[in-house]
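The opening residue of the sequence shown carries number 1 in my numbering; numbering runs sequentially from there. Note that beta-carbon positions come from the ideal geometry of N, C-alpha and C, so glycine has one too. Quantities reported herein were computed from a predicted structural model and do not represent experimental measurements. Here's the structure, in structure tokens; my notes come after.
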Amino acid sequence: MKVTVVGAGAVGASCAEYIAIKNFASEVVIVDIKENYAEGKAMDLMQTASLNGFDTKITGSTNDYSKTAGSAIAVITSGIPRKPGMTREELIGINAGIVKSVSENIIKHSPDAIIIVVSNPMDTMTYLAHQATGLPKNRIIGMGGALDSARFKYRLSEALGAPASDVDGMVIGGHSDTGMIPLTSLATRNSVPVSEFLSEEKLEEVAKATMVGGATLTGMLGTSAWYAPGAAVSAMVQAIACDTKKIFPCSTLLDGEYGLSDLCIGVPVVLGKDGIEKIVEIPLNDAEKAKLAESAAAVKKTNGLLNA
Numbered sequence: 001m002k003v004t005v006v007g008a009g010a011v012g013a014s015c016a017e018y019i020a021i022k023n024f025a026s027e028v029v030i031v032d033i034k035e036n037y038a039e040g041k042a043m044d045l046m047q048t049a050s051l052n053g054f055d056t057k058i059t060g061s062t063n064d065y066s067k068t069a070g071s072a073i074a075v076i077t078s079g080i081p082r083k084p085g086m087t088r089e090e091l092i093g094i095n096a097g098i099v100k101s102v103s104e105n106i107i108k109h110s111p112d113a114i115i116i117v118v119s120n121p122m123d124t125m126t127y128l129a130h131q132a133t134g135l136p137k138n139r140i141i142g143m144g145g146a147l148d149s150a151r152f153k154y155r156l157s158e159a160l161g162a163p164a165s166d167v168d169g170m171v172i173g174g175h176s177d178t179g180m181i182p183l184t185s186l187a188t189r190n191s192v193p194v195s196e197f198l199s200e201e202k203l204e205e206v207a208k209a210t211m212v213g214g215a216t217l218t219g220m221l222g223t224s225a226w227y228a229p230g231a232a233v234s235a236m237v238q239a240i241a242c243d244t245k246k247i248f249p250c251s252t253l254l255d256g257e258y259g260l261s262d263l264c265i266g267v268p269v270v271l272g273k274d275g276i277e278k279i280v281e282i283p284l285n286d287a288e289k290a291k292l293a294e295s296a297a298a299v300k301k302t303n304g305l306l307n308a
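In structure tokens, the structure reads:
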């Protein structure tokens, strides 16, 4: 199975590395517009193959999408990253043109590919990919919720003093500092509600830290994070490639689910060989429903900038 990663920056390279190390893909193709950049990243990664014990072939391409032909899955990480003080929404002007062009080139050479969008603002870029390609809703997926949920579980494990493997939790809603909805009411530690261990005030603190998780790292690093985003994408790619039927919260095009339509936003889905195989509608309390409606309104407002 061939997987394409468009964008050889930190997120794209991390994503390619994690996919290769997991050894489920026969080839990963990295594409970038910068001359020899993707080729250099691919060569550097291939020189770790004997050390990390993987057989996946990694190749690079400078804007030549013919090398991506026949890809089963394509990941779009290209675009400008956030800088300190920037919101994800402020990236829309530049990144919209990039994502539209990349989506069209992917489908031209791999008409059956499933596309995973990472570029920000992620929910709007996922919606744009739908508009640009006309693909069925199961084949275009936004990554945000998988990353946000991993950050939520990190914050929960930190607050609990427990290993992350003991914790389960989910973030739905828009992939923005104000649109995320960490579902503290459903979070558990080894099947026990975390509310049994943490006060309401502490859970609110965890939720707030989760929502600004990306901005916190951007402030510390001077640019967007890459290890966790790359790992989140690789986990989604593996679920599709290996048909695991795992549930991830992902940005998906809604058509009445959760009472929402004509937008992409994060909700739990089952991922398998056909991409999004099912949208899972979970019970939300009144406060969570109100927050999701508010988040959806903000995403639609950002979507409106596509035609501005």
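Around the beta carbon of residue 51, a 10 Å sphere encloses fewer than 16 other beta carbons of the protein chains shown; the residue is thus reported as exposed. Rounded to whole angstroms, residue 63 and residue 34 show a C-alpha spacing of 8 Å. Each of 293, 23, 12 and 101 was checked against the Cα of residue 266, and the nearest Cα belongs to 293. Following the DSSP letters along the chain, one finds residue 108 inside the alpha helix (DSSP H) bounded by residues 92–109. Closest in alpha carbon position to residue 172, among 25, 277, 164 and 247, is 247. In the structure shown, residue 251 adopts extended strand secondary structure according to DSSP, grouped into three states.
Check the Cα spacing between residue 227 and each of 6, 13, 3 and 284: the tightest is with 13. Residues of the same chain with a CB within less than 6 Å of the CB of residue 169, apart from the 5 flanking positions on each side, are 152, 153, 156 and 187 in chain order. If you draw a 10 Å sphere on the C-beta of residue 131, you find fewer than 16 other C-beta atoms in it, and that means exposed. CA-CA distance, residue 98 to residue 4, rounds to 16 Å.
The three-state reading of DSSP puts residue 268 in strand, counting E and B together. Here the alpha carbon of residue 137 sits roughly 20 Å from the alpha carbon of residue 304.
Distance from the CA of residue 7 to the CA of residue 199, rounded to the nearest whole angstrom, comes to 42 Å.
Selection 66, 286 and 295 evaluated against residue 178 yields 295 as nearest (Cα-Cα).
In this structure, the beta-carbon distance from residue 121 to residue 252 does not fall below 9 Å. Within 10 angstroms of the beta-carbon of residue 238 lie 16 or more other beta-carbons, which makes it buried. Contact between residue 110 and residue 76 does not hold, since the beta-carbon distance rounds to 13 Å and is not under 8 Å. The C-beta separation of residue 96 from residue 306 comes to about 6 Å, placing the pair in contact by the 8 Å criterion. Rounded to the nearest whole angstrom, the C-alpha separation of residue 164 and residue 45 is 28 Å. In the DSSP assignment, residue 4 falls within the unbroken beta strand (DSSP E) covering 2–6.
When C-beta atoms of the region 256–264 are compared with those of the region 219–235, fewer than three pairs fall below 8 Å, so the two segments do not count as touching.
Per DSSP, the continuous alpha helix (DSSP H) segment holding residue 210 begins and ends at 200–211. The C-alpha of residue 56 lies about 15 Å from the C-alpha of residue 39. Contact check for residue 211 against residue 182 passes: the beta carbons are separated by less than 9 Å. Going by DSSP, residue 57 is part of no alpha helix (DSSP H) but of the beta strand (DSSP E) stretching over 57–62. Cβ-Cβ distances below 6 Å link residue 225 to 217 in the same chain, with the five nearest sequence neighbours on each side left out; the list follows chain order. Beta-bridge pairing by DSSP links residue 32 to 62. Within the same chain, and ignoring the five residues on either side of residue 26 in sequence, the residues whose Cβ sits closer than 6 Å to its Cβ are 1. In this structure, the CA atom of residue 74 is about 35 Å from the CA atom of residue 162. Annotation for residue 180: no alpha helix (DSSP H) segment contains it, though the beta strand (DSSP E) segment containing it runs 180–182. Just measuring C-alpha positions, the residue of 32, 37, 58 and 31 sitting nearest residue 22 is 58. About 23 Å separates the beta carbon of residue 268 from that of residue 11, a gap too long to meet the 8 Å contact definition.
In this structure residue 180 is buried. Its beta-carbon is surrounded by 16 or more other beta-carbon atoms within 10 angstroms.
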